[in-house]
Every structure is written in structure tokens, then in C-alpha cells.
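Residue numbers (UniProt numbering): 1 to 154.
Each residue gets a CB set at the ideal place from its N, CA and C atoms; glycine is no exception.
The structure presented is a predicted model; accordingly, all values stated were derived computationally and were not measured.
Notes follow once the structure below has been shown.
Structure representation (C-alpha cells):
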């Protein structure tokens with residue numbers, strides 16, 4: 001538990017440092033085998049990139065550092081509760097554990113909660129706030145896209 005708290009404190013320190021330079025209060029530390037592989041801070045405001053979340057930037061940096069998109073054996077320590085986008089990216093990358101120090105409830109009064117997005121995503125597509133439609137378009141005289149990809153990787 002002590003290591004978990006230490007890594008969370010590192011993430012929180014990154015968040016404080018990010019606030020000091022005009023950023024949002026989010027930091028993340030990605031760890032493998034007890035070693036910090038990468039860190040990230042929220043850069044939405046400095047890059048105008050809505051995906052520039054601390055966790056995603058740490059995942060991207062770790063993948064480059066390790067030379068693989070597979071982050072099995074890694075853990076992420078975040079100052080705040082990861083949003084659904086970050087949570088999905090970490091799962092797709094194979095991150096095995098996520099720890100966070102401030103919850104959506106902690107951030108709600110400050111406009112820093114993603115609980116509404118979590119709730120919306122839990123609904124069927126037809127009931128979500130964003131229009132989501134499956135339209136099975138195919139290009140005539142082309143092989144099935146996924147079969148084409150699979151054949152090209154063998």
C-alpha cells in the first residue's frame with residue numbers, strides 16, 4: 001500500500017505543478033515492475049486537444065518508451081478519477097490496474113466530474129445524448145475491410 005500511496009502522491013504533485021502553469025489539476029504516473037515508465041499531465045488547455053488527458057499522455061509515452069502498444073503488467077496512478085475515454089484506452093492498452101486519489105464526487109463541485117458521461121455511456125446507443133448509428137456501407141469491388149486487413153497482416 002505504501003508504494004501505491006507514493007505513486008499517487010507523485011501523480012498529485014504533477015497535477016499541482018500543472019495548475020501552477022495554467023493547466024488542469026490532473027497528473028498520471030505509469031508504472032511497470034515498480035519503476036516509473038512515464039508520466040503525463042492534462043494538456044487540454046495548452047494544446048486545444050480534448051484528448052490530451054494525463055492518463056492518455058502517460059500511456060502514449062509509456063508505449064513509446066517500451067516500444068509496444070501492449071502495456072500488460074503496468075499500472076496507472078492518477079490524481080483524479082479517469083474519465084471513460086482514458087479508462088477505455090488503458091483497458092485497450094492492457095493496463096492491469098488503475099488507482100486514483102480524487103473521485104468524481106470530489107471534483108463535482110468544481111466542474112471536474114465525468115460521472116454524467118459514465119452514466120450516458122451505460123445507456124443503449126439509441127438513448128445516449130450523442131447520435132450513434134450503425135450504417136453498413138461497403139465499397140463495391142473491394143474485399144471486406146476487416147478480411148483485407150487480416151490477410152495483409154499474415
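If we ignore side chains and look at the alpha-carbon of each, how far apart do residue 31 and residue 139 end up?
For the pair residue 31 and residue 139, the Cα-to-Cα distance works out to about 44 Å.
Work out the CA separation of residue 128 and residue 122 for me, nearest whole Å.
8 Å
Grouping DSSP H, G and I as helix and E and B as strand, with all else coil, what is residue 135?
coil
For residue 162, list the residues DSSP reports as bridge partners.
Here the chain comprises residues numbered 1 to 154, so residue 162 is not present and cannot be evaluated.
Are at least three pairs of beta-carbons, each pair with one atom in the segment 92–110 and one in the segment 57–73, less than 8 Å apart?
yes
Here's the rule I'm using: 16 or more other beta-carbon atoms within 10 Å means buried, otherwise exposed. How should residue 156 be labelled?
The structure shown does not extend to residue 156, since the chain is modelled only from 1 to 154, so the question has no answer here.
Straight-line Cα distance separating residue 85 from residue 119:
For the pair residue 119 and residue 85, the Cα-to-Cα distance works out to about 13 Å.
Assigned exposure category for residue 41 - 16 Cβ within 10 Å defines buried:
buried
Taking only three categories from DSSP, how would you classify residue 39?
strand
Identify every residue that forms a DSSP beta bridge with residue 78.
28, 100
With a threshold of 6 Å on Cβ separation, who are the neighbours of residue 113 within its own chain once the five nearest residues in sequence on each side are excluded?
104, 107
Could you tell me if residue 143 is buried or exposed, where buried requires 16 or more neighbouring beta carbons within 10 angstroms of its beta carbon?
exposed
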